[in-house]
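Rendered as structure tokens:
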């Protein structure tokens with residue numbers, strides 16, 4: 009960094025679903041540091057569960073640059089809609105906010121995993137033949153990601169074994 013230079017963090021609004029495009033192009037400007045926090049989570053798709061990584065703040069990323077030199081080029085970067093501002097002045101992001109985001113790890117990715125149901129807890133079946141049914145967890149077989157639940161079927165309680173991906177835990181509010 010040059011002596012006297014004062015790089016600040018700003019929040020940048022990207023064009024819809026173009027956070028990665030904006031980040032890549034901002035980085036290529038030179039003199040611009042980019043932080044695009046992400047979240048890794050399990051999503052249930054039509055072909056089963058899969059892990060996806062997506063922006064933690066959809067449509068936003070953070071850029072550190074010297075505003076006097078780079079504000080215009082940043083605003084004109086492909087993928088960028090605008091720099092978040094208030095009363096016509098770009099809003100600075102506190103270093104403490106950036107430090108917290110960096111605490112997520114080297115690539116600023118938060119990992120969210122669905123907690124496993126507990127034995128004795130209640131679950132709802134979210135897919136398959138018994139979809140919509142509920143039951144009590146009898147046992148978990150974690151290497152195979154299987155769960156055995158007790159369901160009321162045909163007038164009596166019956167144990168049913170399913171994939172963990174086919175159930176969701178019920179909370180007291182449900």
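Residue numbers (my numbering): 9 to 182.
Virtual Cβ for every residue (Gly too), placed ideally from N, Cα, C.
Values in this document were obtained by computation on a predicted structure and should not be read as measured data.
To the nearest angstrom, report how far apart residue 140 and residue 17 are at their CA atoms. As a working mapping, residue 140 is identified with position 132 in the chain shown. As a working mapping, residue 17 is identified with position 9 in the chain shown. The alpha-carbon atoms of residue 140 and residue 17 are separated by roughly 47 Å.
State the CB to CB distance for the pair residue 68 and residue 29, rounded to an integer number of angstroms; the pair is presumed to be in contact (CB under 8 Å). As a position in the chain shown, residue 68 is number 60, starting the count at 1. As a position in the chain shown, residue 29 is number 21, starting the count at 1. Wrong, their Cβ atoms sit about 14 Å apart, outside the cutoff.
Expressed to the nearest angstrom, what Euclidean distance is found between the alpha-carbon atoms of residue 43 and residue 70? Taking the chain shown and counting its residues from 1, the one referred to as residue 43 is at position 35. Taking the chain shown and counting its residues from 1, the one referred to as residue 70 is at position 62. Cα to Cα, residue 43 sits roughly 5 Å from residue 70.
So residue 167 and residue 149 are supposed to be a Cβ contact under 8 Å. How far apart are they, rounded? Residue mapping note: residue 167 aligns to position 159 of the chain shown, counting from 1. Residue mapping note: residue 149 aligns to position 141 of the chain shown, counting from 1. In fact, because the Cβ distance is near 13 Å, the residues do not count as touching under 8 Å.
Return the Cβ separation of residue 84 and residue 22 in integer angstroms, given the expectation that the two are a contact with Cβ distance under 8 Å. As a working note, residue 84 is residue 76 in the chain shown. As a working note, residue 22 is residue 14 in the chain shown. Between residue 84 and residue 22 a beta carbon distance of about 13 Å is seen, past the 8 Å cut, so the two are scored as non-contacting.
Are residue 201 and residue 50 close, meaning C-beta to C-beta below 8 Å? Missing from the structure shown is residue 201; the chain here goes from 9 to 182 and no further.
With DSSP run on the structure shown, which of helix, strand or coil describes residue 173? The residue you call residue 173 lines up with position 165 of the chain shown. Looking at residue 173 - three-state DSSP - the assignment turns out to be helix.
Counting Cβ pairs closer than 8 Å, one from the region 162-177 and one from the region 121-136, do we hit at least three? Under the three-pair Cβ rule at 8 Å, the region 162-177 counts as touching the region 121-136.
Per-residue burial, residue 33 [other beta carbons within 10 Å of its own, 16 or more giving buried]: Stepping through the chain shown from its first residue, residue 33 is reached at position 25. Classification for residue 33: buried.
Using C-beta distances below 7 Å, list every residue in its chain close to residue 64, excluding the 5 sequence neighbours before and after it, in chain order. As a working note, residue 64 is residue 56 in the chain shown. 45, 46, 47, 118.
Near residue 165, what residues of its chain come up, given a Cβ to Cβ distance below 6 Å and the 5 sequence neighbours on each side ignored? By one-based count along the chain shown, residue 165 stands at place 157. Only 158 meet the Cβ criterion.
Any idea if residue 163 is buried or exposed, counting beta-carbon neighbours within 10 angstroms, 16 or more meaning buried? Stepping through the chain shown from its first residue, residue 163 is reached at position 155. With fewer than 16 Cβ atoms within 10 Å of its Cβ, residue 163 is classed as exposed.
Taking the alpha-carbon positions, what's the residue 91 to residue 145 distance? What you label residue 91 is simply residue 83 of the chain shown in a count that begins at 1. What you label residue 145 is simply residue 137 of the chain shown in a count that begins at 1. CA-to-CA, the gap between residue 91 and residue 145 works out to about 50 Å.
So, are the CB atoms of residue 39 and residue 73 less than 8 Å apart? Along the chain shown, one-based indexing puts residue 39 at 31. Along the chain shown, one-based indexing puts residue 73 at 65. Against a cut-off of 8 Å, the Cβ pair of residue 73 and residue 39 comes out as a contact.
How would you label residue 95, buried or exposed, when you count the other beta carbons within 10 angstroms and need 16 or more for buried? Here residue 95 refers to the residue found at position 87 of the chain shown. Burial state of residue 95 is exposed, judged by a 10 Å Cβ sphere holding fewer than 16 other Cβ atoms.
Closest to residue 77 by C-alpha separation, out of 93, 153, 26, 37, would be which residue? What you label residue 77 is simply residue 69 of the chain shown in a count that begins at 1. Comparing alpha carbon positions, the residue from 93, 153, 26, 37 closest to residue 77 is 37.
Could you pull the start and end residues of the beta strand (DSSP E) that residue 67 belongs to? Translated into the one-based positions of the chain shown, residue 67 becomes position 59. Per DSSP, residue 67 belongs to no beta strand (DSSP E) and is neither H nor E.
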